[in-house]
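Chemist:
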Ligand SMILES: Nc1ncnc2c1ncn2[C@@H]1O[C@H](COP(=O)(O)OP(=O)(O)O)[C@@H](O)[C@H]1O
Ligand SMILES: Nc1ncnc2c1ncn2[C@@H]1O[C@H](COP(=O)(O)OP(=O)(O)O)[C@@H](O)[C@H]1O
Ligand code: SF4
Ligand SMILES: [Mg+2]
Ligand SMILES: [Mg+2]
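Protein chains in written order, with the working numbering: chain A, 204 to 530; chain B, 363 to 692.
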């Protein structure tokens, strides 16, 4: 095919963390945080990663942002490999790819003014040469995220959680990136403020043609935000599909269980819940075969023996279940 | 007489900028066996209310006035030793941050066993078995091993569940649960909510469930109390509240939550309804309705006169000058 490469392509990403054992320990235990994950993100698209805590969402985000090295795999940005780049080679890449984290307090240096915080990426990427230019640009960015220009003279602690998240977003937008990775960026906010930030992200995306990798454990928010969704479990992608297809016709028993566990804000909703029993197994010693089989209501002997491949069920709806047809 | 009766509760904190009226004239009842949810944005006084019921609010810096009657007895006059007996026996507690209620120097098994032994006159061995059973119930893997571990040896999620096991083990008449599932995954949350429902149906415990998750409210509670800026702004049965929210704040909250299924089928992305602005600073004197600055329905009168909490329909209270009132309502 002669298709242009997607903005982001991740192929067979693996991330293992060696753990335990001090200097002289013989234990070679590793956490299998991410195992063989592949996906792409098109320009201007929102791909969400969902799944229970510890399933590897943040690790994928950090590998993509090159905040941590990958163990195996390839990542390309507009077709160019970025997984092996050195610190200095990464600099132009960093300009195009930014991250917004959950906790807007710890990600803002409390001793810097908002102006310095937002101007920092402008300076480091040489985007506004003079002080006056930077000042004007910071003001524009603050307005873009719904804050007053005057906010730039103040310190982060003088703002509420929602406003601090706006500052983080302004900072992430400063270098005019192609993609922003939002790691639980709205999870700590009250619903009323969460709605403000979600609307802001969606507006910015439309105006600027931004792509988003939206990491969240909140399925209702994900449904609202995403073009496509990848459902992760214990470091693997279980299912990946566009929004309509995934939420209307989940093709993996894990996705089905997750959806049925979400409490609905409607006391008259009539639903039979498939409550998952037990806990996610340890990523140090994941089960053989399908990682989900220890909690799966459909599991058979085959599930313990064979790792189910991520198969296309039609129109790009991929499921990693031997019995995806029967889900 | 209701199991718990809170009357004109005031909780104030002296701060550098003035007196923070964290709770300002709150009254409500919880009947035996009932599940009451308390909702509202962070900072509206939910946690300090629950702490004051448990006798755990530090005073100073806090100052409490009003009455909190449990089985008719005002807990605000109760001695510390009486409160200690009530907690963990008649009143169970679950917090979002489990270390608040776990004792770091006892194993998880000892802490569960303690309340089992108190209540069921069980032997040491029976108490241990019961503790293992409880740990399994709340979904802790390898409970036979975990039962002998100390709180610090458990992960955050597991501590949360250990605390729930302890609270449930004593079969309390009232369970005060402050954001008990907020830090948990939905699949575990569903398990914990089921456990709490089980406890209610088996033991008849009443539950005061503090949460900001309207989905949890709808699935768990029978009645809801909506708090804003330290006051009760609306109270109703769960069904009435979700069907006909009468306070603009409640209406705003219900519209601001993204709902599963609601954005499917739409050509373009749906915008969520926002509640503009933020909660007011409670250390500054409030004039008029506390919600007026954010309210889409506010008129001049709202900024001047604090709306009284009134019955707007049978069993449905709201504090808003413009909340619709049913003709037959008192
Ligand atoms: N630096 C690290 N060292 C060891 N294990 C880690 C490290 N970072 C993450 N992990 C483990 O990797 C797994 C995936 O973690 P994470 O990506 O943070 O999950 P999520 O964001 O989905 O909650 C978890 O089991 C976590 O404990
Ligand atoms: N120990 C304390 N000292 C001073 N102020 C406090 C203290 N504890 C709580 N507050 C204040 O009381 C108000 C209500 O807090 P809280 O009950 O925790 O709210 P919620 O649980 O609804 O989020 C807040 O303004 C908070 O800052
Ligand atoms: S009293 Fe006025 S400001 Fe307050 S909620 Fe009602 S309409 Fe809004
Ligand atoms: Mg994470
Ligand atoms: Mg609280």
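Note that CB positions come from ideal geometry on N, CA and C, so glycine has one too.
What are the start and end residues of the alpha helix (DSSP H) that includes residue 663 of chain B?
Modeler: As a working note, residue 663 of chain B is residue 301 in the second chain. Per DSSP, residue 663 of chain B belongs to the alpha helix (DSSP H) from 662-666.
Chemist: Excluding sequence positions up to five away, which residues of its chain have a Cβ less than 8 Å from the Cβ of residue 398 of chain B?
Modeler: For the purposes of this step, residue 398 of chain B is taken as the residue at position 36 of the second chain. Cβ within range, chain order: 390, 392, 568, 569, 570, 571, 583, 584, 585, 586, 587.
Chemist: Which residues share a DSSP beta bridge with residue 312 of chain A?
Modeler: For the purposes of this step, residue 312 of chain A is identified with residue 109 of the first chain, where counting begins at 1. Paired residues: none, contrary to the question.
Chemist: Would you tell me roughly how many angstroms separate the C-alpha atoms of residue 494 of chain B and residue 479 of chain B, rounded to the nearest one?
Modeler: Indexing the second chain from 1 puts residue 494 of chain B at position 132. Indexing the second chain from 1 puts residue 479 of chain B at position 117. Going by the C-alpha atoms only, they are around 14 Å apart.
Chemist: Does residue 621 of chain B come within less than 8 Å of chain A when only Cβ atoms are used?
Modeler: As a working mapping, residue 621 of chain B is identified with position 259 in the second chain. It does; some Cβ of chain A falls within 8 Å.
Chemist: Hey, is the region 212-225 of chain A in contact with the region 396-412 of chain A, meaning 3+ C-beta pairs nearer than 8 Å?
Modeler: With a cut-off of 8 Å, the region 396-412 of chain A and the region 212-225 of chain A do not count as touching, because too few Cβ pairs lie within range.
Chemist: Below 8 Å on the Cβ atoms is my guess for residue 459 of chain A versus residue 444 of chain A; work out the distance and round it to an integer in Å.
Modeler: Residue 459 of chain A sits at position 256 when you count from the first residue of the first chain. Residue 444 of chain A sits at position 241 when you count from the first residue of the first chain. The pair is not a contact, with the Cβ atoms about 13 Å apart (cut-off 8 Å).
Chemist: Is residue 511 of chain A near ligand 1, judged by its Cβ being under 7 Å from some heavy atom?
Modeler: Counting from one through the first chain, the residue named residue 511 of chain A turns up at place 308. No.
Chemist: Evaluate residue 400 of chain A with the Cβ neighbour count: other Cβ atoms within 10 Å of its Cβ, from every protein chain shown; 16 or more gives buried, anything less gives exposed.
Modeler: On the first chain, position 197 is the one that residue 400 of chain A refers to. Buried, since its Cβ has 16 or more Cβ neighbours within 10 Å.
Chemist: Contact defined as beta carbons within less than 8 Å: I believe residue 507 of chain A pairs with residue 492 of chain A. What is the distance between those atoms, to the nearest angstrom?
Modeler: Mapped onto the first chain, residue 507 of chain A falls at position 304. Mapped onto the first chain, residue 492 of chain A falls at position 289. With a Cβ gap of about 4 Å, residue 507 of chain A and residue 492 of chain A count as contacting.
Chemist: Taking residue 236 of chain A and residue 259 of chain A to be in contact with their CB atoms under 8 Å, please state how far apart those CB atoms are, rounded to whole angstroms.
Modeler: The sequence position of residue 236 of chain A within the first chain is 33, counting from 1. The sequence position of residue 259 of chain A within the first chain is 56, counting from 1. Residue 236 of chain A to residue 259 of chain A, Cβ: 5 Å. Contact.
Chemist: Could you tell me if residue 301 of chain A is buried or exposed, where buried requires 16 or more neighbouring beta carbons within 10 angstroms of its beta carbon?
Modeler: By 1-based counting over the first chain, the position of residue 301 of chain A is 98. The residue is buried, with at least 16 neighbouring Cβ atoms inside 10 Å.
Chemist: Along chain B, in chain order, which residues have C-beta atoms closer than 7 Å to that of residue 402 of chain A?
Modeler: Locating residue 402 of chain A in the first chain gives position 199, where the first residue counts as 1. Those are 633, 634, 636, listed as they occur along chain B.
Chemist: Within 10 angstroms of its Cβ, does residue 480 of chain A collect 16 or more other Cβ (buried), or is it exposed?
Modeler: Residue mapping note: residue 480 of chain A aligns to position 277 of the first chain, counting from 1. With fewer than 16 Cβ atoms within 10 Å of its Cβ, residue 480 of chain A is classed as exposed.
Chemist: Between which two residues does the beta strand (DSSP E) holding residue 251 of chain A run?
Modeler: Against the first chain, residue 251 of chain A aligns to sequence position 48. Residues 249-253.
Chemist: Output the boundary residues of the alpha helix (DSSP H) element that contains residue 457 of chain A.
Modeler: What you label residue 457 of chain A is simply residue 254 of the first chain in a count that begins at 1. Residue 457 of chain A -> alpha helix (DSSP H) spans 456-464.
Chemist: With a threshold of 7 Å, establish whether the CB of residue 265 of chain A neighbours any heavy atom of ligand 4.
Modeler: In the first chain, the residue the question calls residue 265 of chain A occupies position 62. No, since every heavy atom of ligand 4 falls outside the 7 Å radius drawn around the Cβ of residue 265 of chain A.
Chemist: Which class does residue 204 of chain A belong to by DSSP, given the choice of helix, strand or coil?
Modeler: Sequence index remark: in the first chain, residue 204 of chain A carries index 1 (1-based). Because the pLDDT at residue 204 of chain A is just 49, under 50, the model does not fix this residue reliably, and the value given afterwards should be weighed accordingly. DSSP places residue 204 of chain A in coil when its eight states are reduced to three.
Chemist: Note down, one range per segment and in chain order, each alpha helix (DSSP H) of at least 4 residues found wholly within the region 476-535 of chain B.
Modeler: Segments of the alpha helix (DSSP H) lying fully in the region 476-535 of chain B: 486-499, 505-508, 518-531.
Chemist: Name the chain A residues that come within less than 8 Å of residue 574 of chain B, Cβ to Cβ?
Modeler: Sequence index remark: in the second chain, residue 574 of chain B carries index 212 (1-based). The answer, in chain order, is 393, 394.
Chemist: Which partner residues does residue 586 of chain B have in the DSSP bridge list?
Modeler: Taking the first residue of the second chain as position 1, residue 586 of chain B is located at position 224. Per DSSP, B:399, B:598.
Chemist: 8 Å is my cut-off, CB to CB: does residue 509 of chain B come that close to chain A?
Modeler: As a working mapping, residue 509 of chain B is identified with position 147 in the second chain. No - not a single Cβ of chain A is within 8 Å of the one on residue 509 of chain B.
Chemist: Buried or exposed, going by whether 16 or more other CB atoms sit within 10 Å of the CB of residue 414 of chain A?
Modeler: Here the question's residue 414 of chain A lines up with position 211 in the first chain. With 16 or more other Cβ atoms within 10 Å, it is buried.
Chemist: Strictly below 9 Å CB to CB, what residues from chain A border residue 403 of chain B?
Modeler: Along the second chain, one-based indexing puts residue 403 of chain B at 41. By Cβ distance, chain A contributes 393, 394, 395, 396.
Chemist: Grab the span of the alpha helix (DSSP H) containing residue 365 of chain A for me, first residue to last.
Modeler: Position 162 of the first chain, counting from 1, holds the residue named residue 365 of chain A. Residue 365 of chain A -> alpha helix (DSSP H) spans 364-376.
Chemist: Count the other C-beta atoms from every protein chain shown that fall within 10 angstroms of the C-beta of residue 346 of chain A, then say buried if there are 16 or more, exposed otherwise.
Modeler: The sequence position of residue 346 of chain A within the first chain is 143, counting from 1. With fewer than 16 Cβ atoms within 10 Å of its Cβ, residue 346 of chain A is classed as exposed.
Chemist: Judging by CA-CA distance, which residue of A:494, A:382, A:397, A:381 is the nearest neighbour of residue 388 of chain A?
Modeler: In the first chain, the residue the question calls residue 388 of chain A occupies position 185. Here the closest residue by C-alpha is A:397.
Chemist: Could you tell me which whole beta strand (DSSP E) segments of length 3 or greater appear in the region 237-301 of chain A?
Modeler: 249-253, 275-280, all fully within the region 237-301 of chain A.
Chemist: How do the region 655-668 of chain B and the region 638-645 of chain B stand: do at least 3 beta-carbon pairs fall below 8 Å, yes or no?
Modeler: Counting Cβ pairs under 8 Å, three or more are found: they touch.
Chemist: To be precise: take each residue of the region 488-514 of chain A, compare its Cβ to all Cβ atoms of chain B, and keep it if any distance is under 8 Å. Which residues remain?
Modeler: Answer set for the region 488-514 of chain A: empty.
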